[in-house]
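Chemist:
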Amino acid sequence: MSADRGNDLFGVYVHWPFCAAKCPYCDFNSHVHRGPFDEAGYVAAYAREIAHFASLTPGRHVQSVFFGGGTPSLMNPRSVGAILNEIARHWTIDERVEITLEANPTSVEAERFRGYRAAGVNRVSLGVQALRDKPLAELGRRHTVDEAVAAVHLAQSIFERSSFDLIYARPRQTLEDWREELSEALWLAQGHISLYQLTIEMGTRFYDLHRAGKLVMPDEELAADFYELTQELTAAAGLPAYEISNHARPGQESRHNLLYWRYGEYAGVGPGAHGRLLVNNQRHATATEKMPFDWQARVMAAGHGLVTDDILTWEEQGDEFLVMGLRLKEGISPARFTALSGRRIAERQIADLKSYGFVETLPNGNLRVTEKGFPVLDAVVADLAA
Amino acid sequence: MPFCYQPAMTTPLKNIRNFSIVAHIDHGKSTLADRLIQLTGGLDLREMKSQVLDSMEIERERGITIKAQTVRLTYRAADGEDYILNLIDTPGHVDFAYEVSRSLAAVEGSLLVVDASQGVEAQTLANVYHAIEADNEIVPVLNKIDLPAADPDRVKSQIEDVIGIDASDAVEISAKTGLGIDKVLEAIVTRLPAPNGDITAPLKALLVDSWYDTYLGVVVLIRVIDGTIRKGQRIRMMNANAVYELDRVGVFTPKLVDIGELGPGEIGFFTASIKEVADTNVGDTITDDKKPTAEALPGFRPAQPVVFCGLFPVDANDFDDLRAAMGKLRLNDASFSFEMETSAALGFGFRCGFLGLLHLEIIQERLSREFNLDLIATAPSVVYEVEMTNGDVQMLHNPADLPDVVKIAEIREPWIKATILTPDDYLGAILKLCQDRRGIQRNLSYVGNRAMVEYDLPLNEVVFDFYDRLKSISKGYASFDYTLSDYREGDLVKLSVLVNSEPVDALSMLVHRSAAEARGRVMCEKLKELIPPHLFVIPIQAAIGGKIIARETVRAMRKDVTAKCYGGDATRKRKLLEKQKAGKKKMRQFGSVEIPQEAFIKALKMGDS
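Listed in order, the protein sequences are those of chains A and B.
To convert, note that position 125 of the first sequence is 125 in the working numbering; the numbers rise steadily by one, no gaps.
Numbers in the working numbering are just positions in the second sequence, counted from 1, shifted up by 1000.
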């Protein structure tokens, strides 16, 4: 086993599945729960599942923890603290550990920010999604622009680092609209911002509306223009893309995101969480039960909520490494690809893509997708993986 | 298949009637045959499968007969005597015209079955003319007389007008209900002539058809003209010049029954450890090896493919399976030919020859259905005669093989005589279609409210979706039939298609100069829609020689990237990539362009639209 196959990156993803309301574009594992809820009892299940994953991955050094959802900012700060304590009990924690919590920028949730900080969270990622009130309502968001801006300012004053998300290329949005909105956002942002093009996912309300012709999405040309404009404005503001949808001032990149894209090791805790773990020199793809209370019942019965635990083949690891790693501006190491997949990327494919200017080789030997290649990344990756 | 042994018996010639049934598809030929078998007790009801004679699955489904089949019926007539009635069920399609003509030459009479509501169709005409040519006595039978729309008087006068035979005594029946079947049997006995033949003369028999049976090897269907043929005899096939010792001699009832010997006028089969159908030629004369007949029967013609196309496996790994499957089909179908071909676009495959378009379709369908093979077929092409400047003549089966034009003196193409019968309403559109396809009108006449048009047409215009167009503009009402006539010089050019500046051999075709530009344009437009955007701009061009006559461009892809990744869900991204990779496997790599297989299929199928 080559040392190249692992890379000493280890993180913990914690999925909190509850939301106050389901947004019409969101296909993440989120659930609206009404009625009585024993949060402390629910958090106990996280503790048990963490213990299970820790038993599979002894001796790991945690560099990041990410609370995603759902809406983790609905959690009691004590719950966040309890989970972090449990993580620290089983693994060693890097002194520069990044602990991120996804939060909604409503005024109610913002009141808990200090509690999260006290519990150990040092970075928040706010789901602002738009800086215009009407689109916010259409996206089903429960906050206003004013609330969002206030929440961002508050987060920036409390946490060492913060980021927020915006969704663009929305129905009826024009390039000029976006230029203004993004410019405002870039004034507001500090070190990090995530910019996602709206995608229509199966099983969402937007999907049904789109199929019924009631939601008109920008065509490929306009979508490409949106993307180009976004690159141009973020670069000019000093927050260039370090990944397809993530922009940061150099040094301010999300360690947790990088861990994913660099194909590190991560435990996925909570309902519907995915993980990648190296056990006995084999890479396992894990996923847990999605339904929040079924997951809890499984964990309490069996110590974990795993419903998927696949050992990835060399080819699958190679595919995942490419599909994740080529999203990064730093590119991938062809040597690690070979270590993972047992094969080389076809020279002819690389040469072809280079001749069109879609990929390039860096002085450190990494292969990376160029700025010209990023908008058509999926096609480039498919060529390299074929 | 169970065998029954019966003592050999010679049937007196006067008590034999040999006949076939001529009909348009759907007019009830097979149902009538079923009824005749049922009424004469050839099979009991338990054994009756609908339409026993059409035993092949595809034949049954499409209601067409591909192989001639025969059944020997015993019938006690009104005159109190027992008759042997031999029915040969003939292939009913123009592609098998030669086989039809040999079947008809083996009988003395034909039942002309016409749907009493629909009347005479083009296919009926072609087949009845074959029967008349074979000197058959013809008994018209009006079927479906029980339908409310039946109009026997109109159809009778139509038969007289169009075909020119007396229809006043036509037998009116309903094969479906069984009405009038007894009258058909009586008509066979009283109105059809008994065969002639000399039992003392040397053996002379006509090879009507043959097929491959897993247990028996090749089964040969024959009509004895003179002499006798019996088990153990050494026979000679005169055209093939091959000698065999006979294993079995018998008849079909329709069960296979060994009777050991067949005499003049009789129709039956023999087996002789023959390994493939290709060793037996329809129309060949069979005689005794030691005491041969002086003269072979007239009318023999070796099978000659007229339509060619390339067949390629969608998955290159299926090549060997395809070769094996074709070999198996050829065991039973000598008129189907194939040889290996390599295409830059489609990889390894076969150039295949067929008797016609239906034959092509049937083979293709059997390959995909019975052998589970996914195939790409290139555009059907006819056989061109290419005369070189040095006087050599080449037969060209594949447009991609056209020699350098400067060395060509002229190109000749096959023409057909086409007969189209259509309701009046669609005549205008049909005439225009024929004109557009370089047709020369030969005749136009009316039978009631139906028009009969005769056209000379170049076959290459017909193989190019003519039949589909005809069906669609006439809403399925027009019927069409043709016979090959001759080769004529044509101003033909090779139309090449270039994708990203590289010629795609599978898409090249010979077309008439007048149609080249339009066809090239349509081809480019289609391909533009069919080739997905790549990472680069792809020019698509149609060219004659070095001259570009049409051009389209597939724009470059601008945006193709998945936005978000959910909580480290690399699996979902991988699955997407795996789907893309699987999709790529369905593409044909062409230079750096990937062309989806369906693009070839659709582009090659292109209509005028």
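Glycine included, each C-beta is placed from N, C-alpha and C at the ideal position.
1) Could you have a look at S107/A and say whether DSSP puts it in helix, strand or coil?
2) Run through DSSP, which three-state label would P1152/B get?
3) According to the Cβ coordinates, are I1416/B and Y1482/B closer than 8 angstroms?
4) Using 8 angstroms as the threshold, is the C-beta distance between L1147/B and V1155/B below it?
5) Note the first and the last residue of the continuous beta strand (DSSP E) segment covering L1085/B.
6) Out of Q282/A, R344/A and G268/A, which one is the CA nearest neighbour of A47/A?
7) Taking buried to mean at least 16 other C-beta atoms within 10 Å of its own C-beta, is F1252/B buried or exposed?
8) Tell me which residues of the region 80-103 of chain A have at least one Cβ-Cβ distance to chain E shorter than 9 angstroms, keeping chain order.
9) Which residue's Cα is closest to the Cα of V1189/B: Y1083/B, A1122/B, P1140/B and L1112/B?
10) My understanding is that T106/A touches E147/A, with C-beta atoms under 8 angstroms, so please give their C-beta distance in whole angstroms.
11) In whole angstroms, what is the alpha-carbon distance linking L362/A and Q349/A?
12) What's the C-alpha gap between R1223/B and A1149/B?
13) Might you give, ordered along the chain, the residues of its own chain that have their beta carbon closer than 7 angstroms to the beta carbon of I87/A, omitting 5 neighbours on each side?
14) Report the neighbours of P171/A on chain B: residues whose CB is nearer than 9 angstroms to its CB, in chain order.
15) Got a sec? Which residues, its chain only, sit under 6 angstroms from S1233/B by beta carbon, not counting five neighbours each side?
16) Under 8 angstroms between C-beta atoms, does F53/A make it to chain B?
17) Sort V1071/B, K1231/B and L1498/B by Cα distance to G1591/B and report the nearest one.
18) Would you say L1577/B faces chain A, with C-beta separation under 8 angstroms as the test?
19) With distances taken from CA atoms, which of Y356/A, F293/A and D309/A is nearest P271/A?
20) Taking Cβ-Cβ distances below 7 angstroms as the criterion, which residues of the region 191-206 of chain A are in contact with chain B?
21) Got a sec, what are the start and stop residues for the alpha helix (DSSP H) E394/A sits in?
22) Answer yes if the region 1111-1124 of chain B comes into contact with the region 1317-1334 of chain B, meaning at least three C-beta pairs across the two stretches below 8 angstroms, and no otherwise.
23) Name the chain A residues that come within less than 8 angstroms of K1573/B, Cβ to Cβ?
24) By the three-class DSSP mapping on this structure, what secondary structure does V1537/B have?
25) With distance defined between alpha-carbon atoms, name the residue in T1422/B, L1221/B, L1355/B and D1279/B nearest to N1241/B.
26) Taking 8 angstroms as the limit between beta carbons, can you name the residues of its chain near V32/A, skipping five residues before and five after?
27) For S1210/B, which residues in the same chain have their Cβ closer than 6 angstroms to its Cβ, ignoring the five residues on either side in sequence?
28) In the region 1506-1540 of chain B, which residues sit with their C-beta less than 7 angstroms from some C-beta in chain A, listed in chain order?
29) Taking the alpha helix (DSSP H) that L84/A belongs to, which residues open and close that run?
30) Could you confirm whether any beta carbon from chain A is found closer than 8 angstroms to the beta carbon of G1347/B?
31) By the 10 Å Cβ neighbour count, where 16 or more other Cβ atoms means buried, how is A1523/B classified, buried or exposed?
32) Run down chain B in chain order and give the residues with a C-beta less than 7 angstroms from the C-beta of V381/A.
33) So who's on the other strand from C1352/B, going by DSSP bridges?
34) Let me make sure I understand the geometry here. Which of E1370/B, A1344/B, F1371/B and V1382/B has the alpha-carbon closest to that of I1352/B?
35) With distance defined between alpha-carbon atoms, name the residue in T1285/B, R1301/B and F1300/B nearest to A1294/B.
Modeler: According to the data block:
1) The answer is helix: DSSP assigns S107/A an H, G or I state.
2) Residue state, collapsed to three classes: helix.
3) In contact: I1416/B and Y1482/B (Cβ atoms closer than 8 angstroms).
4) Against a cut-off of 8 angstroms, the Cβ pair of V1155/B and L1147/B comes out as no contact.
5) Segment D1082 to D1089, the beta strand (DSSP E) holding L1085/B.
6) Nearest of Q282/A, R344/A and G268/A to A47/A, Cα basis: G268/A.
7) Buried is the call here.
8) Although the question refers to chain E, the structure presented lacks it and instead comprises the protein chains A and B.
9) If we check each option's Cα against that of V1189/B, Y1083/B comes out closest.
10) Indeed, because the Cβ distance is near 6 angstroms, the residues count as touching under 8 angstroms.
11) About 17 angstroms.
12) Counting only the Cα atoms, A1149/B lies some 40 angstroms from R1223/B.
13) Sequence-distant partners of I87/A (beyond 5 residues in either direction) whose C-beta falls short of 7 angstroms from its own C-beta, in its chain, are V12, I50, V62 and V65.
14) Result: empty, since nearest Cβ-Cβ is about 15 angstroms, beyond 9 angstroms.
15) Before going further, note that residue 1233/B is Gln rather than Ser in the sequence given. Non-local C-beta neighbours of Q1233/B in its own chain, meaning closer than 6 angstroms and more than five positions away in sequence, comprise L1246, ordered along the chain.
16) With a threshold of 8 angstroms between beta carbons, F53/A makes no contact with chain B.
17) The shortest C-alpha separation from G1591/B is found at L1498/B.
18) By this cut-off, L1577/B is an interface position.
19) Looking at the Cα atoms, F293/A is the closest of the given residues.
20) Taking 7 angstroms as the upper bound on Cβ-Cβ separation, chain B lies near residues Y196, Q197 and T199 of the region 191-206 of chain A.
21) Past the boundaries of the shown model lies residue 394/A; chain A is included only from 1 to 386, so the question cannot be answered.
22) Segments in contact, no.
23) Those are E320, V323 and M324, listed as they occur along chain A.
24) In the structure shown, V1537/B sits in coil (DSSP, three-state: anything other than H, G, I, E or B).
25) The candidate whose alpha carbon is nearest that of N1241/B is D1279/B.
26) These residues qualify, in order along the chain: F18, C19, A20, A21 and K22.
27) Counting only residues of its own chain and dropping the five nearest sequence neighbours on each side, S1210/B has a CB closer than 6 angstroms to the CB of V1218, V1220, V1277 and T1280.
28) Listed in sequence order: L1535 and F1536.
29) Start and end: P77 to H90.
30) The beta-carbon of G1347/B is placed no less than 8 angstroms from the nearest beta-carbon of chain A.
31) Just to set this straight, residue 1523/B is Met in the shown sequence, not Ala. Counting Cβ neighbours within 10 Å, M1523/B comes out buried, since at least 16 surround it.
32) Chain B residues near V381/A: L1577.
33) C1309/B and F1338/B.
34) Here the sequence assigns Cys to residue 1352/B, which means Ile is not the residue at that position. Ranking the options by Cα distance to C1352/B, first place goes to V1382/B.
35) Looking at T1285/B, R1301/B and F1300/B, the one whose alpha-carbon comes closest to that of A1294/B is T1285/B.
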